[in-house]
Every structure is written in structure tokens, then in C-alpha cells.
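Take a look at the structure below.
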Amino acid sequence: MKAVATEPLSNRLFNAWIWGTFGAYIGMLALVVIACAVYVRAGNIVAALMSDEMRFAARLSVLTATVSTFLSLLFGIPSAYALAYYRGRFKTLVDTFLDMALVLPPVAVGVALLVLFSQFPSPDHSVDRWLQQLGAPVVFEVPAIVVAQFAVISIYALRVLKAAFESTDRRLPAVARTLGLSRWQIFVWVELPQVLPSLVAATILLWARAMGEFGATVVLAGATPFKTEVLPIAIWLALNRAEVDTALAAAFVLIAVALLALFAFRQLARRLTP
Numbered sequence: 001m002k003a004v005a006t007e008p009l010s011n012r013l014f015n016a017w018i019w020g021t022f023g024a025y026i027g028m029l030a031l032v033v034i035a036c037a038v039y040v041r042a043g044n045i046v047a048a049l050m051s052d053e054m055r056f057a058a059r060l061s062v063l064t065a066t067v068s069t070f071l072s073l074l075f076g077i078p079s080a081y082a083l084a085y086y087r088g089r090f091k092t093l094v095d096t097f098l099d100m101a102l103v104l105p106p107v108a109v110g111v112a113l114l115v116l117f118s119q120f121p122s123p124d125h126s127v128d129r130w131l132q133q134l135g136a137p138v139v140f141e142v143p144a145i146v147v148a149q150f151a152v153i154s155i156y157a158l159r160v161l162k163a164a165f166e167s168t169d170r171r172l173p174a175v176a177r178t179l180g181l182s183r184w185q186i187f188v189w190v191e192l193p194q195v196l197p198s199l200v201a202a203t204i205l206l207w208a209r210a211m212g213e214f215g216a217t218v219v220l221a222g223a224t225p226f227k228t229e230v231l232p233i234a235i236w237l238a239l240n241r242a243e244v245d246t247a248l249a250a251a252f253v254l255i256a257v258a259l260l261a262l263f264a265f266r267q268l269a270r271r272l273t274p
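First residue of the sequence shown? That's 1 in the UniProt record's numbering, and the numbers climb one at a time after it.
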């Protein structure tokens, strides 16, 4: 009779550690959702979905998150590429300076942006006053939401894509240069395809982070209903009115919108990536 091979104890302990930790993490997230689902009433969720204020907040959230994600990628791709190939003496200093954005809480970022736009270089000749003269004010307006979201999420694009560019095969661009391709052609046809999975992952991360951004947004854009009210601010306003049911209903709207959009992103990613 053939003996059944048993898996070594170390392997079983490793599997138990990996899957046990993963299960505990999923369980914690599930408990949070279940607790909210038990507390909130279905009628409040329906009322939130039918509310003009909530629909306005959902539309504004999707719009601003999409614009800020696009801008973050627009700046993040070339910046990450430059940083990945930069080998100067100030590389460590530049990396440390950029990581400052990861350390600062969003509220501090919002305060810094508010000072920049409303007090620099002086209160009477500030950046926002100059923009007002051009008919494009920022502070406490919808553009402030995009600026705040961009300031918070752009560093994630830079970090994810920098790591992706650093892991590409450096021999391929060299071969492409010997074939007569220009720098633009090498970048578009040789290097970008290598980081496409990371680019898709960065897009999903940025958009999700922008949808949930609150701290910098509420400082720079304010919390005016039907004007600068995105979904996180709608939740905060409901809590300020002691309307816990409405706040939870708004949270479910935010979760639903985010899940639908992220699912669509992932389906698109499967089609784009091999």
C-alpha cells in the first residue's frame, strides 16, 4: 500500500499564517460593512439614492475624482520616468522631499494649499485673487476639489510608476535605439507597454483614493451643499446635523459608486493587459 506523503510542518504553519492573516483582515472589513448594514434602514438608503443632494454629491465625486486621476497620471508618468532614470547626487534628497507628501496628513496639505492660494505672496495680491481676475477662482470653488485631490493622490502615481519603470528591461530601449527609433517612439512603443499593468493598477488606486479624499478637500473647497459637496463631505455634513442614518446611507452610496467604478476599471484592465 502506497504511503500518503504529508506536507512538512513548516509548510503547513506558513499556509496557516498566510491564509489566517488574510481571513482575519477580510473578516474585519466584513464586520464593519455588516455592522453598518444592520444599523441603517433600507428606507434611508433608498431616500439617499433619491435625494437631489446625494445625487449631486455622487456626480461631483465621480467627475472630480476622474479629472484629478487624469491630471495625476499626466504629471506622474513623465515625473516617475525621470526619477527612475535619474542617477545624480541629489537623488536621495529628491526622493526624501517627494516622500514628504506621503507623511503629511491630508488636512495639513489642505491648510498649505489654502495659504498658497489665499495668502501668497500677500493677502491683497494672492494667487486666488489673480485667478479671480481671470475668471477662474479656486478657493471654495469646485476647482479646489480637483486641486486638493491632485495634491493628495499624485504622489501615489509617482511612487507606483517609478517602481515600475525601475523594474523594466533596460536592454530593450538600447536595442530600439540601434534600430533608429526616436526617444518618443522608444517611450511609447517599448517602455510604456512594459509598465502597463502598473499603470492600470495606479489608475485604480488613484481614482479610489480621490473618491474618498476628505481632509484637504474640506479645507480648500469648503463644505457648501450643492456646490462643493462631494460624497465624503456629504457624510460629514450629515454627521454634523446628527443624522447618523443619513450619514450611513451616504456611506453606502459612496461604497456602491466606488465598487461599480472599480469593477468597471478592473474589467477594462483585463482587456488591456495580457
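Even for Gly, the Cβ is constructed at its ideal location relative to N, Cα and C. Here the structure is a predicted model, which means the values were calculated and not measured.
Asked, Found
"Bounding residues of the alpha helix (DSSP H) (the contiguous stretch that carries S118)", "P106 to Q119"
"Beta-carbon contacts of P106 that lie in its chain and below 6 Å, excluding the five residues immediately before and after", "V152, G215 and A216"
"Cβ-Cβ separation, V257 to residue 275 (assumed contact under 8 Å), whole Å", "Because residue 275 is not part of the residues shown, which for the chain are 1 to 274, the question remains open."
"Three or more C-beta pairs below 8 Å linking the segment 192 to 212 and the segment 62 to 74", "yes"
"Residue nearest to A163 in terms of C-alpha spacing, selected from V190, V244 and A201", "A201"
"Own chain, CB closer than 8 Å to V40, minus 5 neighbours either side, in chain order", "D245, L248, A249 and F252"
"Secondary structure of Y86, DSSP reduced to three states", "coil"
"Inter-residue spacing [alpha-carbon to alpha-carbon] between L179 and E191", "15 Å"
"C-beta atoms of V142 and T228 nearer than 8 Å", "yes"
"Stretch-stretch touch, CB-based, cutoff 8 Å, three pairs: the segment 125 to 136 with the segment 164 to 179", "no"
"A16 versus V33 - alpha carbon distance", "25 Å"
"Secondary structure of E141, DSSP reduced to three states", "coil"
"Backbone CA spacing between G23 and S118 [nearest angstrom]", "48 Å"
"Q185 burial status per 10 Å Cβ neighbour count (16 or more: buried)", "exposed"
"The alpha helix (DSSP H) enclosing F97, as first and last residue numbers", "K91 to V103"
"Buried versus exposed, by CB contacts within 10 Å (16 or more), L259", "exposed"
"Contiguous alpha helix (DSSP H) assignments of at least 4 residues, all confined to the segment 196 to 269", "196 to 211, 215 to 220 and 231 to 240"
"Boundaries (first-last residue) of the alpha helix (DSSP H) holding R12", "L9 to Y39"
"Contact under 8 Å by Cβ, G222 with F90", "no"
"Delimiting residues of the alpha helix (DSSP H) encompassing A42", "A42 to M50"
"Rounded straight-line distance, which links the Cα of A48 to that of L237", "14 Å"
"Backbone CA spacing between R270 and P123 [nearest angstrom]", "50 Å"
"Burial state of L21, where buried means 16 or more other Cβ atoms lie within 10 Å", "Per the sequence shown, residue 21 should be read as Thr rather than Leu. Exposed, because fewer than 16 other Cβ atoms sit within 10 Å of the Cβ of T21."
"N-terminal and C-terminal residue of the alpha helix (DSSP H) that T6 is part of", "Neither: T6 is in no alpha helix (DSSP H) and is coded neither H nor E."
"Short Cβ contact (8 Å threshold) for L114 with L220", "yes"
"Contacting residues, own chain, Cβ-Cβ under 7 Å from A84 (five flanking each side not counted)", "K162, F165 and E166"
"Contacts around T64, its chain only, beta-carbon distance under 8 Å, and the 5 residues preceding and following it disregarded", "V142, I145, V146, Q149, A210 and V230"
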